[in-house]
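Residue numbers (the UniProt record's numbering): 1 to 461. Here is the structure we will look at.
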Amino acid sequence: MHPPVQKAAPPGAASVSGASPDVLVIGGGVIGLVTAWRAARLGLRTAVADPAPGGGAAQVAAGMLAAVTELHYGEQTLLGLNLASARRYPEFAAELTEASGLDLGYRRCGTLAVALDADDRAHLRDLHALQLRSGLESEWLTGRECRRLEPLLAPGVRGGLRVDGDHQVDPRRLAAALLAACERAGVGFHRAAAERLTVVRGRATGADLGDGSRVTAGQVVLAAGSRSGLLAGVPEDVLPPVRPVKGQVLRLRMPDGLPGGVPFLSRTVRAVVRGGPLYLVPRENGELVVGATSEELGWDTTVTAGGVYELLRDAHELVPGITELPLVESRAGLRPGSPDNAPLLGPTALPGLLVATGHHRNGVLLTPVTGDVMAAALTGGPLPEEARAFTPDRFAPGAAGLPASSGPTPSSGPTPPSGPTPSSGPTPPSGPVPPSDPLQAPAHGAAQGPATAPAPQEQPV
1 MHPPVQKAAP PGAASVSGAS PDVLVIGGGV IGLVTAWRAA RLGLRTAVAD PAPGGGAAQV
61 AAGMLAAVTE LHYGEQTLLG LNLASARRYP EFAAELTEAS GLDLGYRRCG TLAVALDADD
121 RAHLRDLHAL QLRSGLESEW LTGRECRRLE PLLAPGVRGG LRVDGDHQVD PRRLAAALLA
181 ACERAGVGFH RAAAERLTVV RGRATGADLG DGSRVTAGQV VLAAGSRSGL LAGVPEDVLP
241 PVRPVKGQVL RLRMPDGLPG GVPFLSRTVR AVVRGGPLYL VPRENGELVV GATSEELGWD
301 TTVTAGGVYE LLRDAHELVP GITELPLVES RAGLRPGSPD NAPLLGPTAL PGLLVATGHH
361 RNGVLLTPVT GDVMAAALTG GPLPEEARAF TPDRFAPGAA GLPASSGPTP SSGPTPPSGP
421 TPSSGPTPPS GPVPPSDPLQ APAHGAAQGP ATAPAPQEQP V
């Protein structure tokens with residue numbers, strides 16, 4: 001449960017009064033915004049530094065709240081955190097909708113994970129056994145039963161797992177709602193990038209911004225996504241070991257309805273195709289999200305012809321009719337990956353500096369629990385039990401680390417763009433769509449090439 005609400009400052013107080021905030025959050029994606037909102041609701045004078053708050057993961061992410069189907073071998077510790085956040089979502093969504101006046105697109109539609117060949121079927125059977133051993137609810141279906149649920153699935157589907165406990169949210173609506181809730185709660189916004197952490201007598205005291213200003217604060221939260229490791233002034237042994245993991249995602253437009261009133265897809269559909277995970281996420285507004293690649297290419301955010309081709313090719317094997325749908329948007333962004341691909345949450349060894357980053361593919365799913373964890377940390381309380389394995393000190397020299405997953409070490413690659421920004425690196429699509437940055441999504445193999453995909457045509461929410 002979230003901490004009790006106290007009276008917050010009036011809207012705009014942190015910006016208008018000029019008083020130093022109690023909390024400065026560096027980064028205005030969903031993780032930074034939920035931290036700021038929870039802090040403000042506790043009565044802490046709070047400010048956010050980000051040139052474009054409300055961007056970040058929300059502009060690219062699929063928004064799957066898939067704690068059960070995201071389970072992988074060796075990630076049982078992370079499963080506990082994912083489940084804790086998933087359980088919070090219904091109440092969190094209702095509270096945020098009331099606070100912002102905006103709908104999040106939260107849907108309890110479930111997930112269907114299917115197998116296209118014998119090897120995939122065996123893998124899903126193993127996953128089902130792991131889920132049951134972990135106390136999770138999922139149901140094994142035959143191929144015929146899968147097609148009864150989703151008639152447009154390929155006839156070659158060999159079987160699948162039905163997981164009704166997996167839900168979804170529209171990440172763009174989530175970001176917009178968090179931004180509105182922050183503004184209503186009195187959070188101040190500095191629309192500039194934080195370039196350097198200020199440290200006085202061994203304590204973090206604020207940040208120097210790209211517009212030449214300095215913000216002094218009682219506590220600083222570094223929530224800058226994949227760029228969290230780039231902030232100058234942070235001691236090397238405290239700097240979060242976060243790397244960018246590129247992902248490409250497509251958005252298609254589904255038809256209004258098929259003969260007999262059958263929807264194109266009624267729930268999230270996932271599969272492993274050619275060794276890489278694939279997901280199709282239908283939205284109530286007719287949008288279909290297809291993703292995602294996973295590429296260790298440093299700071300490159302190019303949408304490639306190869307990435308688009310492989311996503312559409314594999315999606316066609318799963319749902320043959322998908323290639324007839326209009327392609328509305330193609331985007332690429334950067335997930336914030338840590339060495340174990342699990343988040344870093346809570347205080348650091350530098351007094352006054354806390355971090356909330358490294359969420360990798362689970363940023364949207366972990367938004368509610370991250371807000372609660374950071375609220376507890378900012379007020380000096382104990383971290384919730386499910387979050388205690390994810391403190392930043394697990395990566396301190398000599399620490400054993402957390403075996404949440406076998407994520408790669410930070411890769412070499414193109415150097416990041418000059419001038420670190422609070423949120424991770426933006427996507428540079430041509431056309432009217434504004435840039436975005438990291439995304440939460442499972443991995444999917446993709447070609448790596450310099451070609452660009454067609455410019456998107458839809459303005460993000």
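For every residue, glycine included, the Cβ atom is placed at its ideal position computed from N, Cα and C. Only a predicted model underlies this, so the values are computations on that prediction, with no experimental measurement involved.
Where ARG172 falls, given that 16 or more other Cβ within 10 Å makes a residue buried: To locate residue 172, count along the sequence shown from 1; it is residue 172. Buried, since its Cβ has 16 or more Cβ neighbours within 10 Å.
Can you have a look at GLY32 and say buried or exposed, based on whether 16 or more other CB atoms are within 10 angstroms of its CB? For the purposes of this step, residue 32 is taken as residue 32 along the sequence shown, with counting starting at 1. It is buried - the Cβ of GLY32 has at least 16 other Cβ atoms within 10 Å.
So for LEU353, helix, strand or coil by DSSP? Here residue 353 refers to the residue found at position 353 when the sequence shown is read from its first residue. Strand at LEU353.
On the DSSP bridge list, what partners appear for ASP208? Taking the first residue of the sequence shown as position 1, residue 208 is located at position 208. Residue pairing for ASP208: DSSP places it in a beta bridge opposite ARG196 and ARG214.
Have a look at VAL328, ASN362 and GLY54 and flag the residue whose alpha-carbon is nearest the alpha-carbon of ALA183. Within the sequence shown, the letter at position 183 stands for residue 183. Checking the sequence, you will find Glu at residue 183 rather than Ala. When each option's Cα is compared against that of GLU183, the closest is GLY54.
Identify the residues that DSSP records as bridge partners of VAL157: which are they? Start at 1 with the first residue of the sequence shown, and residue 157 comes out as number 157. BP columns for VAL157 are empty, so no partner.
Out of curiosity, what's the CA-to-CA distance linking ASP103 and THR97? The sequence position of residue 103 within the sequence shown is 103, counting from 1. The sequence position of residue 97 within the sequence shown is 97, counting from 1. Roughly 6 angstroms between the two C-alpha positions.
What does the alpha-carbon distance come out to for the pair VAL281 and ARG203? By one-based count along the sequence shown, residue 281 stands at place 281. By one-based count along the sequence shown, residue 203 stands at place 203. Taking the straight line from one Cα to the other gives about 44 angstroms.
Cutoff 7 angstroms; reference VAL194; Cβ partners in own chain excluding five residues on either side: Here residue 194 refers to the residue found at position 194 of the sequence shown. Correcting the residue identity first, residue 194 is Ala in this sequence and not Val. Leaving aside the five residues that flank ALA194 on each side, the residues in its chain whose CB is nearer than 7 angstroms to its CB run, in chain order, ILE26, ALA49, ALA207, LEU209, LEU231 and PRO422.
Mind checking who residue 465 pairs with in its DSSP beta bridge? Nothing about residue 465 can be reported from this structure: the residues present for the chain run from 1 to 461 only.
Rounded C-alpha distance that separates VAL157 from ARG121: One-based indexing of the sequence shown puts residue 157 at position 157. One-based indexing of the sequence shown puts residue 121 at position 121. When only Cα atoms are considered, VAL157 and ARG121 end up about 9 angstroms apart.
How big is the Cα-Cα spacing for LEU152 and GLY229? Within the sequence shown, the letter at position 152 stands for residue 152. Within the sequence shown, the letter at position 229 stands for residue 229. Each residue's Cα considered, the two are about 44 angstroms apart.
Please classify LEU265: does DSSP put it in a helix, a strand, or coil? If you number the sequence shown from 1, residue 265 lands on position 265. Secondary structure at LEU265: coil, using DSSP grouped into helix, strand and coil.
Output the boundary residues of the alpha helix (DSSP H) element that contains HIS316. Against the sequence shown, residue 316 aligns to sequence position 316. First-last of the alpha helix (DSSP H) with HIS316: 305-318.
For ALA47, is the classification buried or exposed, using 16 other Cβ atoms within 10 angstroms of its Cβ as the cut-off for buried? Start at 1 with the first residue of the sequence shown, and residue 47 comes out as number 47. Of the residues assessed, ALA47 falls on the buried side of the cut-off, its CB having 16 or more other CB atoms within 10 angstroms.
Which of helix, strand or coil DSSP assigns to LEU244: Numbered from 1 along the sequence shown, position 244 holds the residue referred to as residue 244. Checking the sequence, you will find Pro at residue 244 rather than Leu. Strand at PRO244.
Out of SER330, LEU179, VAL308 and GLU150, which one is the CA nearest neighbour of GLY261? Position 261 of the sequence shown holds residue 261. Comparing Cα-Cα distances from GLY261 to each of SER330, LEU179, VAL308 and GLU150, the minimum goes to GLU150.
I'd like to check one pair, VAL369 with ARG38: are the Cβ atoms closer than 8 angstroms? The count along the sequence shown starts at 1 and reaches residue 38 at position 38. The count along the sequence shown starts at 1 and reaches residue 369 at position 369. Not closer than 8 angstroms, so no.
Exposed unless 16 or more other CB atoms sit within 10 angstroms - verdict on SER213: Position 213 of the sequence shown, counted from the start, is the residue given in the question as residue 213. Exposed.
Taking DSSP as the reference, what is the three-state secondary structure of ALA332? Residue mapping note: residue 332 aligns to position 332 of the sequence shown, counting from 1. Strand at ALA332.
When DSSP labels each residue in this structure, what does PRO392 get in the three-state scheme? Translated into positions along the sequence shown, residue 392 becomes position 392. Helix.
Going by the beta-carbon positions, is the gap between LEU124 and ALA115 smaller than 8 angstroms? On the sequence shown, residue 124 is found 124 positions in, with the first residue counted as 1. On the sequence shown, residue 115 is found 115 positions in, with the first residue counted as 1. The criterion of a C-beta distance shorter than 8 angstroms is satisfied by LEU124 and ALA115.
Count the other C-beta atoms from every protein chain shown that fall within 10 angstroms of the C-beta of THR111, then say buried if there are 16 or more, exposed otherwise. Numbered from its first residue, the sequence shown carries residue 111 at position 111. In this structure THR111 is buried. Its beta-carbon is surrounded by 16 or more other beta-carbon atoms within 10 angstroms.
Use the C-beta contact count for PRO155: other C-beta atoms within 10 angstroms, 16 or more gives buried, fewer gives exposed. Taking the first residue of the sequence shown as position 1, residue 155 is located at position 155. PRO155 is exposed by the Cβ-count criterion.
Please state whether DSSP places ALA39 in a helix, a strand or coil. Position 39 of the sequence shown holds residue 39. Residue state, collapsed to three classes: helix.
Inter-residue CB distance, VAL34 and VAL364 (contact presumed, cutoff 8 angstroms): Here residue 34 refers to the residue found at position 34 of the sequence shown. Here residue 364 refers to the residue found at position 364 of the sequence shown. A Cβ-Cβ distance of about 10 angstroms is found for the pair VAL34 and VAL364, leaving them out of contact under the 8 angstroms criterion.
Expressed to the nearest angstrom, what Euclidean distance is found between the alpha-carbon atoms of THR77 and VAL245? Here residue 77 refers to the residue found at position 77 of the sequence shown. Here residue 245 refers to the residue found at position 245 of the sequence shown. Note on geometry: alpha-carbon atoms of THR77 and VAL245 lie some 22 angstroms from one another.
DSSP state of GLU75 mapped onto helix, strand, coil: In the sequence shown, residue 75 corresponds to position 75, counting from 1. Note: GLU75 maps to coil in three-state DSSP.
When burial is assigned at 16 or more other CB atoms within 10 Å of the CB, is VAL200 buried or exposed? Position 200 of the sequence shown holds residue 200. So VAL200 counts as exposed.
Where THR301 sits in the DSSP three-state scheme: Within the sequence shown, the letter at position 301 stands for residue 301. Coil at THR301, not helix or strand.
Throw me the rounded Cβ distance for the VAL238 and LEU350 pair, which I believe falls under 8 angstroms. The sequence position of residue 238 within the sequence shown is 238, counting from 1. The sequence position of residue 350 within the sequence shown is 350, counting from 1. Between LEU350 and VAL238 the Cβ distance is about 5 angstroms, and since that is below 8 angstroms, they are a contact.
Is the distance from the Cβ of LEU344 to the Cβ of VAL355 below 8 angstroms? Reading the sequence shown from its first residue, position 344 is the one you call residue 344. Reading the sequence shown from its first residue, position 355 is the one you call residue 355. Cβ atoms of LEU344 and VAL355: closer than 8 angstroms.
In chain order, which beta strand (DSSP E) runs of at least 3 residues are fully inside the region 42-66? Listed in chain order, the complete beta strand (DSSP E) runs (minimum 3 residues) inside the region 42-66 are 46-49.
Alpha carbon to alpha carbon, how far is PRO384 from ALA376? By one-based count along the sequence shown, residue 384 stands at place 384. By one-based count along the sequence shown, residue 376 stands at place 376. Looking at the two C-alpha atoms, the distance is approximately 8 angstroms.
What does the alpha-carbon distance come out to for the pair ARG147 and PRO277? In the sequence shown, counting from the first residue as 1, residue 147 sits at position 147. In the sequence shown, counting from the first residue as 1, residue 277 sits at position 277. ARG147 and PRO277 have their C-alpha atoms roughly 20 angstroms apart.
What residues in its chain sit with their C-beta under 8 angstroms from that of ARG267, if we drop five residues either side in the sequence? As a working note, residue 267 is residue 267 in the sequence shown. Counting only Cβ-Cβ distances below 8 angstroms, and skipping sequence neighbours, we find CYS109, GLY110, THR111, LEU112, LEU149, GLU150 and PRO282.
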